Every structure is written in C-alpha cells, then in structure tokens.
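Visitor: Residue numbers (the working numbering), protein chains in the order written: chain Z, 6 to 232; chain U, 6 to 232.
Just so it is clear, CB atoms sit at the ideal spot from N, CA and C, and this is done for glycine as well.
Keep in mind it's a predicted model, so treat the numbers as computed, not measured.
Protein chains: 2
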Amino acid sequence: MRILIIEDEEKMAKALRKGLEAEEYSVSVAQSGEEGFFLASTDPPDLVILDLMLPQRDGMEVLAALRQKGVSVPVLILTSKDTVRDRVCGLDAGADDYLVKPFAFPELVARVRALLRRGRPESVDTLRLADLEMRVTARVVSREGRELALTAREFDLLHYLLRNQGRVVSREMLARDVWQETARYTPLDNVIDVHVANLRRKIDEPFGNKLLHTVRGVGFVLREEAS
Amino acid sequence: MRILIIEDEEKMAKALRKGLEAEEYSVSVAQSGEEGFFLASTDPPDLVILDLMLPQRDGMEVLAALRQKGVSVPVLILTSKDTVRDRVCGLDAGADDYLVKPFAFPELVARVRALLRRGRPESVDTLRLADLEMRVTARVVSREGRELALTAREFDLLHYLLRNQGRVVSREMLARDVWQETARYTPLDNVIDVHVANLRRKIDEPFGNKLLHTVRGVGFVLREEAS
DNA sequence: ATCTTCGATGATTAGAATGCGCATGCGACT
DNA sequence: AGTCGCATGCGCATTCTAATCATCGAAGAT
Numbered sequence: 006m007r008i009l010i011i012e013d014e015e016k017m018a019k020a021l022r023k024g025l026e027a028e029e030y031s032v033s034v035a036q037s038g039e040e041g042f043f044l045a046s047t048d049p050p051d052l053v054i055l056d057l058m059l060p061q062r063d064g065m066e067v068l069a070a071l072r073q074k075g076v077s078v079p080v081l082i083l084t085s086k087d088t089v090r091d092r093v094c095g096l097d098a099g100a101d102d103y104l105v106k107p108f109a110f111p112e113l114v115a116r117v118r119a120l121l122r123r124g125r126p127e128s129v130d131t132l133r134l135a136d137l138e139m140r141v142t143a144r145v146v147s148r149e150g151r152e153l154a155l156t157a158r159e160f161d162l163l164h165y166l167l168r169n170q171g172r173v174v175s176r177e178m179l180a181r182d183v184w185q186e187t188a189r190y191t192p193l194d195n196v197i198d199v200h201v202a203n204l205r206r207k208i209d210e211p212f213g214n215k216l217l218h219t220v221r222g223v224g225f226v227l228r229e230e231a232s
Numbered sequence: 006m007r008i009l010i011i012e013d014e015e016k017m018a019k020a021l022r023k024g025l026e027a028e029e030y031s032v033s034v035a036q037s038g039e040e041g042f043f044l045a046s047t048d049p050p051d052l053v054i055l056d057l058m059l060p061q062r063d064g065m066e067v068l069a070a071l072r073q074k075g076v077s078v079p080v081l082i083l084t085s086k087d088t089v090r091d092r093v094c095g096l097d098a099g100a101d102d103y104l105v106k107p108f109a110f111p112e113l114v115a116r117v118r119a120l121l122r123r124g125r126p127e128s129v130d131t132l133r134l135a136d137l138e139m140r141v142t143a144r145v146v147s148r149e150g151r152e153l154a155l156t157a158r159e160f161d162l163l164h165y166l167l168r169n170q171g172r173v174v175s176r177e178m179l180a181r182d183v184w185q186e187t188a189r190y191t192p193l194d195n196v197i198d199v200h201v202a203n204l205r206r207k208i209d210e211p212f213g214n215k216l217l218h219t220v221r222g223v224g225f226v227l228r229e230e231a232s
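#1: Rounded to whole angstroms, what's the CA-CA distance from residue 143 (chain U) to residue 154 (chain U)? Just pull it up for me.
#2: Taking only beta-carbon positions, decide if residue 202 (chain U) is within less than 8 Å of chain Z.
#3: Please list, in chain order, all residues of the same chain as residue 51 (chain Z) whose beta carbon is under 8 Å from its beta carbon, the five residues on each side excluded.
#4: Any beta-carbon of chain U closer than 8 Å to the one on residue 173 (chain Z)?
#5: Check whether the segment 39-47 of chain Z touches the segment 67-87 of chain Z, counting contact only when three or more Cβ pairs, one atom from each stretch, lie closer than 8 Å.
#6: So for residue 42 (chain Z), helix, strand or coil by DSSP?
#7: Taking 8 Å as the CB-CB limit, is residue 76 (chain Z) close to chain U?
#8: Among residues of its own chain, excluding the 5 on either side of residue 105 (chain Z), which ones have a beta-carbon nearer than 6 Å to its beta-carbon?
#9: Which residues in chain Z sit within 9 Å of residue 67 (chain U), going by Cβ to Cβ distance?
#10: Rounded to whole angstroms, how far is the Cβ of residue 134 (chain U) from the Cβ of residue 229 (chain U), which I believe are closer than 8 Å?
#11: Kindly indicate which residue of U:70, U:38, U:67 has the alpha-carbon position closest to the one of residue 60 (chain U).
#12: What is the residue span of the alpha helix (DSSP H) that residue 110 (chain Z) lies within?
#13: For the segment 87-102 of chain Z against the segment 94-112 of chain U, are there 3 or more C-beta pairs whose distance is under 8 Å?
#14: Do three or more CB pairs link the segment 217-225 of chain Z to the segment 172-179 of chain Z at distances below 8 Å?
#15: Can you list, in chain order, the residues of its chain with a C-beta nearer than 7 Å to that of residue 170 (chain Z)? Leave out the 5 residues immediately preceding and following it.
#16: Against chain U, which members of the segment 105-127 of chain Z pass a CB distance test of less than 7 Å?
#17: Return the bridge partner residues of residue 84 (chain U) from the DSSP annotation.
#18: Checking the sheet assignment: what are the DSSP bridge partners for residue 8 (chain U)?
#19: Residue 142 (chain Z) versus chain U: which residues are under 9 Å apart at the beta carbon?
#20: For the ligand NAD, any of its heavy atoms closer than 7 Å to the Cβ of residue 130 (chain Z)?
#21: Please confirm if residue 222 (chain U) has its CB atom under 8 Å from at least one CB of chain Z.
#22: Quick check: is the beta carbon of residue 176 (chain U) nearer than 8 Å to any beta carbon in chain Z?
#23: Using C-beta distances below 7 Å, list every residue in its chain close to residue 18 (chain Z), excluding the 5 sequence neighbours before and after it, in chain order.
#24: Hey, residue 54 (chain Z) and residue 148 (chain Z): beta-carbon distance below 8 Å or not?
#25: What's the gap between the Cα of residue 200 (chain U) and the Cα of residue 161 (chain U)?
#26: Would you say residue 93 (chain Z) faces chain U, with C-beta separation under 8 Å as the test?
#27: Could you name the residues of chain Z that residue 100 (chain U) contacts, counting a contact when the two beta carbons are closer than 8 Å?
#28: Does residue 206 (chain Z) pass the burial test, meaning 16 or more other C-beta atoms within 10 Å, or should it be called exposed?
#29: Less than 8 Å separating the beta-carbons of residue 72 (chain U) and residue 41 (chain U)?
#30: Taking C-alpha atoms, which residue in U:36, U:82, U:74 lies nearest to residue 57 (chain U)?
#31: Determine whether the beta carbon atoms of residue 97 (chain U) and residue 116 (chain U) lie at a separation below 8 Å.
#32: If you measure from the beta carbon of residue 83 (chain U) to each beta carbon in chain Z, is any gap under 8 Å?
#33: By the three-class DSSP mapping on this structure, what secondary structure does residue 64 (chain U) have?
#34: From U:137, U:172, U:167, pick the residue whose C-alpha is nearest to that of residue 150 (chain U); which is it?
#35: Pop quiz: residue 132 (chain Z) and residue 167 (chain Z) are said to be a contact at Cβ under 8 Å. What is the actual Cβ separation, rounded to whole angstroms?
#36: State yes or no: is the C-beta of residue 129 (chain Z) within less than 8 Å of the C-beta of residue 139 (chain Z)?
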C-alpha cells in the first residue's frame, strides 16, 4: 500500500515516514504543494496525507485541484488548524478524514487503516478460496471460472462457510446464523447435513480437490488442504 | 440517503435526527444495540451512526457482529469514550470514522457528507446494459436502438435496477426505494411482481437474450449473462 | 501390536410439504 | 384509455422430513 505525505516541515515528514514504514507501508514525501499535486495526479498512491500550510501552493488548493481533475484517492488532512470551521472546510473540499496536530500516532495509523480498508470495496464483496469465488451482492458463485447454480439456502450456507474459512463451524452455529433458529435445533433434525451434502455435490464433487470437509463430532470446515 | 442512528439516550437521538433531517437525510433511530444490529443487517442504510454505550448489546459488539456478517455499510462512531485506545479500537473494529462527544454539529455533518460521498459513484445521465440504454433526464429507454414506451412506474423500476445492475435487489428494497412504502409491504402483496412482469414484457420478451432475471428466494437482478 | 466388533456419527436418498413466483382479472383512479 | 393496486389460484423449485446406508473410531480380545 502506497502512501504519499505532502508536508513541508522536515521533522514531521520524517517522523511520519518512519512510523508508517514500520507499519509496512510504502511511503513517499512531497515537500511542497506543487510537488504533491504533481505526484498525486500523475501516479495516484492509495492514500494521501496532506498538511494544509504549505509553500507555493496551499493544501486546500492542492486538494481542490486534485478533485477537480477527477483524482479520487482518499485524502487525510493532518494539520494544526483546529477550528470547527477549518474541519468542515477541509472535509467539504473532498477530504476523507481530518486529524488535528498534535495527534497520537496510533490514532493516525488506525485512521489510515480505516481509509485504506474502504479503498478496496470489491475485496469485501467477493470471497475466495482456491479457485472457488463468490461475488456476494451479485449472488454468483463460480469455480474454475464456471458459474454454479445454487439455491438461496445453499448460497447462504456457503457464504457463512466462506466468511469463516479455516474455522470449524458447528451445527449449532449454522442453525443459529444461517437458519436463524434460535434454540430448537435437535440432533434428530438433519436438515443441515442434507444441505451440506447438496452443496458438496455442486461445489466439490465435479472438481478435483475437495474444499468442504467434515470434522467428526464437531462440524464442518471450508479449507484447501485435506485434513 | 438513509442514516441509521443507534443511540439509547433519547435526547441525543432526537437532536441528531432533527439536525440530520434538516440536511435532507432520511433518518431512523434504534434505541438498543440489539435493535440496531437487526435493522442494520436486515436492511442496511447508507450510513450508521453508532453510540458505544448501549443497553443489551455494546456498540463495539454490534459493529463487530455487522462486519462479521459481511455488512459493509459505513459506520461513524459517536461516543464520549475519548482515549486514544478507544479510538484505535473502534476504528480497527471496522468503523470508518470516530467522533468524540461533545462535538460540533457542523463537523458531524461534514464527516457524514464525506462518508456518504465515498459510497456514491458520480451521477451519469445515461445508463447502459448490453444494448439496453436509458437516458435519465429525458426519460427515454431504448433497446437495439428502438425506443420503448414505459409507464412512470416501469421507468422508475428499471432506473433503480440499472443503477444497481449486477446486484440482486430484494422486494423490500424495491418497496422502499421505488414505491416509498416504508413499512406496509406484505408478501401477499404482489404489486412488485406484476410490474416486474410488465417490465419484462417490454424490455426482454421482444428480444433475444434476457436481462432481467429472478433470484428465487431473494429478489431480482439486471445483468447480461444468463445464470 | 494387530485385528475384530460394535455403537455412534455422518451421508444419502426419496418423497412430502412448503412457499415462492407468475399469470390473470377486476376495480379504482387519473 | 391507460395505468396502477390488489386478490386469487396454480405450478413447481426448494426445503424439510424421515428412513436407510456408510463410515469412523474406540474398546476388547487374541
């Protein structure tokens, strides 16, 4: 994940770079508004951290120019201007977050994480395990590129298993979270097993390596290697 | 734009609702964590404003449960817990912003705007799917170049489906967003189905490949490939 | 240790019940 | 006339139930 810091104070810039690099981000620094605008618009990073008081070109100007140009990279404003008026201005100019100096570094990092998390919306929308792929809102499931026809229940079941891939899920969990039956699940009732079997027939049987394994006495897991 | 406020203190909730409604948002309020979780997960709004100290179920729990369930709606935490530790926790649990009480209302609104801005793709006047084309302001729909005569309802319905192409939309969503009937949709009431059928007759039946598919148990999708 | 036995757990199958989606038609309103 | 809301009824995919079959693994005997 690439972060661009636009900040003229050298001390602050260095501290930020060091701290963010420790978090495994790839950091570059622009020392002026002009330079920052150029870098952000020619090769947009995944996030911009923007100081407001800059030589040559004010931070607000840089932000406005970027948005004007259609650059939609997330921007976090980091400044000592702390009035409500300043914050509202910054946010309304197109910033995604506004943090006031002095600040706590852990909070900055948390906010950076939050912004970068949002940047990849499709990663939330599509779940994957090996060559099995689920696009959630479209309700489409495919394996080896071939689309599979699942019923509503089967889809919900697989959705739950994919979200908990690697974890063993019990029948009680499935009864509660997929079937929404709070209490009255009985061992006599093998609805779950039936649907698991049906799901297996569609997502596993036609293909080589099985993904849906049963853990005797406990429940089921979705994972790659055989157990 | 729909906002859900999860907040038990009645005074605060009322003030928020009033202020946000003045900004043209459609606001609903949940008085407990339990209720908030239910509302947010069954019918996700465009934004959630979440208090942390709640009866029944703590705000952090609600957030974690929502993310766990794959609900990716933007969440702004609004609380009086103001330590750095609290903020980092909240953001890392999946919140998108964190604002501390007492707060300046204009700042809240600016942050709300910033969050909602991200969710929206910029508006376009002509929507397209395969050879189906809709010019929105002109209210003209055509396929294979031939203009189609749609009624007002049919147009609104198709408009909604086109804006959400590729996503499965439920009857509840249609009842709310196309019919604006907040609550009194019943499964017995098949108005939606009738209009979907009529729409199909006009945009799909005369042509080769169908675009409007039904997803049994869930709703309808507009998309190209057959499923 | 290895083999055998047996109970418990999971898998499979088929048929029954459910509920969903769709067509149709009528009345009301514009 | 055209459009929309609403109700009824049918057909069928989906889901559930229930009964049978397969498999696993621990315990005991050899």
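Guide: Taking the coordinates as given:
#1: 13 Å
#2: no
#3: 6, 7, 8, 78, 79, 121, 124
#4: no
#5: yes
#6: helix
#7: no
#8: 87
#9: Near residue 67 (chain U) there are no residues of chain Z at all, since even the closest Cβ is about 16 Å away, more than 9 Å.
#10: 7 Å
#11: U:38
#12: 110-124
#13: yes
#14: yes
#15: 134, 227, 228
#16: 109, 111, 112, 115, 116, 118, 119, 123
#17: U:105
#18: U:32, U:52
#19: 169, 171, 172, 173
#20: The ligand NAD is absent from the structure shown, which contains no ligands of any kind.
#21: yes
#22: no
#23: 10, 12, 34
#24: no
#25: 11 Å
#26: yes
#27: 119
#28: exposed
#29: no
#30: U:82
#31: no
#32: no
#33: helix
#34: U:137
#35: 4 Å
#36: no
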